[in-house]
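Residue numbers (the numbering used here), protein chains in the order written: chain H, 8 to 130; chain Y, 17 to 251.
Read the structure below first, then the notes.
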């Protein structure tokens with residue numbers, strides 16, 4: 008068995024399930040947004056706010072945001088362990104990979120917090 | 017016909033080069049790529065490649081033929097070269113070149129070894145043989161026929177990036193061959209060795225392996241079965 012420390016949950020099965028289930032959530036949310044545009048072609052700001060202000064949609068948005076973060080992290084982690092390896096770029100790979108992964112984690116956290124502020128601070 | 021052959025001797029050459037050889041194809045005949053290579057070798061004896069059975073059974077002459085991996089001995093030139101175009105032969109991609117078309121397959125065999133490609137059982141040895149119902153035996157069809165030519169694994173980008181961690185389609189086909197075997201009792205141990213993020217889960221299902229397998233096998237399907245077993249086992 009191949010061991011690793013930086014992966015979420017350290018199990019391929021776990022990461023696979025998270026990746027697939029988060030994809031389904033993201034698809035559902037994308038269809039919901041698309042539906043909003045299709046069924047309310049001339050929606051104004053007040054109507055838009057009313058939809059996203061409702062508690063159910065706020066929860067749906069937050070779940071989607073969390074799914075997006077998990078999905079993005081697994082994807083970026085996979086990319087970094089495919090291309091940023093000593094086989095590809097030599098001895099500096101471990102440092103570069105960890106730096107890249109740290110950068111991704113920070114960026115994802117910033118987007119998460121920012122997203123929560125946007126969805127939950129609406130008046 | 018013009019044949020372009022990858023030439024590289026790591027001991028004497030700085031970098032690989034392509035050598036063009038003009039080969040006379042007997043009129044009205046559709047030769048196999050290996051036959052063309054043999055004709056080319058008559059002109060330059062120093063070309064190195066592996067070959068043995070010349071009928072697609074031993075798996076020695078896997079190589080990259082006009083951009084696609086395949087066995088030279090069972091690939092007709094009419095299938096890979098358009099009329100008037102040249103035949104380009106390169107070693108299997110992703111593995112270190114020992115010389116010309118001969119690659120070092122150690123890492124490929126190491127991954128094969130990892131899946132313990134032999135029957136593990138805790139039941140007492142029977143007097144004659146371990147029996148299997150025809151239905152159970154049928155489950156191994158499409159799995160046991162692999163000849164380990166490495167055409168699939170060396171056509172897989174995930175194997176190119178992580179050949180030391182990702183088992184690759186050939187090894188995983190064998191892993192499932194023993195997971196699916198009704199006589200094998202080490203299913204749990206086998207699955208435990210595969211649940212990390214690399215061994216199985218680097219497969220992204222692009223099916224390059226299926227596209228090139230000279231025996232017409234389907235490693236992607238076997239990997240899907242392993243994944244389902246891992247999820248059932250872990251959930």
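We put the beta carbon where it would ideally sit given N, CA and C, even for glycine.
Let's test the definition: count the other Cβ atoms within 10 Å of the Cβ of residue i and tell me whether it reaches 16, buried, or not, exposed.
| i | result |
| --- | --- |
| residue 106 of chain H | exposed |
| residue 25 of chain Y | exposed |
| residue 252 of chain Y | Since the first residue shown for chain Y is 17 and the last is 251, residue 252 of chain Y is missing from the structure and cannot be characterised. |
| residue 51 of chain H | exposed |
| residue 109 of chain H | exposed |
| residue 92 of chain Y | exposed |
| residue 102 of chain H | exposed |
| residue 31 of chain H | exposed |
| residue 201 of chain Y | exposed |
| residue 69 of chain Y | exposed |
| residue 59 of chain Y | exposed |
| residue 104 of chain H | buried |
| residue 87 of chain Y | buried |
| residue 84 of chain H | buried |
| residue 62 of chain H | exposed |
| residue 56 of chain Y | buried |
| residue 220 of chain Y | exposed |
| residue 44 of chain H | exposed |
| residue 115 of chain Y | buried |
| residue 39 of chain Y | buried |
| residue 29 of chain H | buried |
| residue 238 of chain Y | buried |
| residue 28 of chain Y | exposed |
| residue 158 of chain Y | buried |
| residue 54 of chain H | exposed |
| residue 139 of chain Y | exposed |
| residue 127 of chain Y | buried |
Could you please give me the residues that DSSP links to residue i through a beta bridge?
| i | result |
| --- | --- |
| residue 84 of chain Y | Y:81 |
| residue 21 of chain Y | Y:35, Y:105 |
| residue 113 of chain Y | Y:119 |
| residue 92 of chain Y | Y:48 |
Can the beta-carbon of residue i be found closer than 7 Å to that of residue j?
| i | j | result |
| --- | --- | --- |
| residue 189 of chain Y | residue 162 of chain Y | yes |
| residue 206 of chain Y | residue 182 of chain Y | no |
| residue 22 of chain H | residue 213 of chain Y | yes |
| residue 185 of chain Y | residue 169 of chain Y | yes |
| residue 110 of chain Y | residue 177 of chain Y | no |
| residue 57 of chain H | residue 115 of chain H | no |
| residue 131 of chain Y | residue 191 of chain Y | yes |
| residue 171 of chain Y | residue 224 of chain Y | yes |
| residue 19 of chain Y | residue 37 of chain Y | yes |
| residue 119 of chain H | residue 76 of chain H | yes |
| residue 20 of chain H | residue 250 of chain Y | yes |
| residue 232 of chain Y | residue 166 of chain Y | no |
| residue 74 of chain H | residue 33 of chain H | yes |
| residue 152 of chain Y | residue 94 of chain Y | no |
| residue 120 of chain Y | residue 112 of chain Y | yes |
Considering only C-alpha positions, which residue in the set the options is nearest to residue i?
| i | options | result |
| --- | --- | --- |
| residue 17 of chain Y | Y:151, Y:48, Y:205 | Y:48 |
| residue 135 of chain Y | Y:203, Y:109, Y:115 | Y:203 |
| residue 25 of chain H | H:45, H:82, H:63, H:40 | H:82 |
| residue 96 of chain Y | Y:22, Y:55, Y:120, Y:83 | Y:83 |
| residue 243 of chain Y | Y:210, Y:223, Y:233, Y:166 | Y:210 |
| residue 122 of chain Y | Y:133, Y:41, Y:153, Y:180 | Y:180 |
| residue 145 of chain Y | Y:158, Y:199, Y:113, Y:164 | Y:199 |
| residue 98 of chain Y | Y:106, Y:155, Y:81 | Y:81 |
| residue 76 of chain Y | Y:245, Y:41, Y:164 | Y:164 |
| residue 137 of chain Y | Y:113, Y:197, Y:42, Y:221 | Y:197 |
| residue 222 of chain Y | Y:216, Y:215, Y:236 | Y:236 |
| residue 63 of chain Y | Y:35, Y:129, Y:46, Y:41 | Y:35 |
| residue 111 of chain H | H:86, H:92, H:123, H:95 | H:86 |
| residue 36 of chain H | H:47, H:18, H:72, H:48 | H:72 |
Roughly how far, in whole angstroms, is the beta-carbon of residue i from the beta-carbon of residue j, given that I think they are within contact range, below 8 Å?
| i | j | result |
| --- | --- | --- |
| residue 65 of chain Y | residue 118 of chain Y | 6 Å |
| residue 89 of chain Y | residue 50 of chain Y | 4 Å |
| residue 44 of chain Y | residue 230 of chain Y | Their Cβ separation, rounded to whole angstroms, is 26 Å, which puts residue 44 of chain Y and residue 230 of chain Y out of contact at 8 Å. |
| residue 121 of chain H | residue 65 of chain H | 15 Å between Cβ atoms; not a contact. |
| residue 108 of chain Y | residue 22 of chain Y | Contact flag wrong, Cβ pair sits at about 11 Å. |
| residue 193 of chain Y | residue 156 of chain Y | 6 Å |
| residue 68 of chain H | residue 59 of chain H | 7 Å |
| residue 216 of chain Y | residue 246 of chain Y | 7 Å |
Report whether the distance from the Cβ of residue i to the nearest heavy atom of the ligand NAP is below 6 Å.
| i | result |
| --- | --- |
| residue 108 of chain Y | Judged by which ligands are present, the structure shown has none, so any question about the ligand NAP falls away. |
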